[in-house]
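113 is the number that the working numbering gives to position 1 of the sequence shown; each next residue is one higher, with no gaps. C-beta atoms are modelled at their ideal positions from N, C-alpha and C, and glycine is treated no differently. Written out below as structure tokens is the structure these notes cover.
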Amino acid sequence: MTEQSTERSARSARKVREGIVVSNAMDKTVVVSITDRVRHAKYGKFVLRSKRLYAHDESNDVNVGDRVRVMETRPLSKNKRWRVVDVLERAK
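Structure follows, in structure tokens:
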């Protein structure tokens with residue numbers, strides 16, 4: 113029982129982010145742009161910060177413009193440390 117509970121807590125500790133797919137040119141890999149609103153340390157103004165994450169897409173069914181949820185995982189390649197969990201909204 114304790115083994116299962118520690119496994120669940122470790123799984124829930126993984127980071128989960130939502131973003132927009134900006135590229136799917138690679139095989140089984142997509143690039144997801146994550147945008148966060150961060151308060152500037154000195155001036156207090158909210159600033160948009162964005163990151164580009166390489167995520168694993170096993171089924172190759174995600175297209176550019178889709179809104180997806182990605183979860184942190186073990187390193188899969190030099191740059192890939194995330195995997196696509198589900199598609200929240202398809203591109204129009």
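Use the C-beta contact count for residue i: other C-beta atoms within 10 angstroms, 16 or more gives buried, fewer gives exposed.
i: Ala167; result: buried
i: Val150; result: exposed
i: Gly177; result: exposed
i: Gly131; result: buried
i: Val159; result: exposed
Could you round the C-beta distance between residue i and residue j to whole angstroms and report it? I think they count as a contact, below 8 angstroms.
i: Val174; j: Val133; result: 6 angstroms
i: Asp169; j: Thr141; result: 7 angstroms
From the DSSP secondary-structure annotation, give me the bridge partner or partners of residue i.
i: Arg195; result: His168 and Met183
i: Val133; result: Val144
Next on the checklist: If we require 3 or more residues per run, which beta strand (DSSP E) segments fall completely within the segment 145-191?
Outcome noted: 158-168 and 179-184
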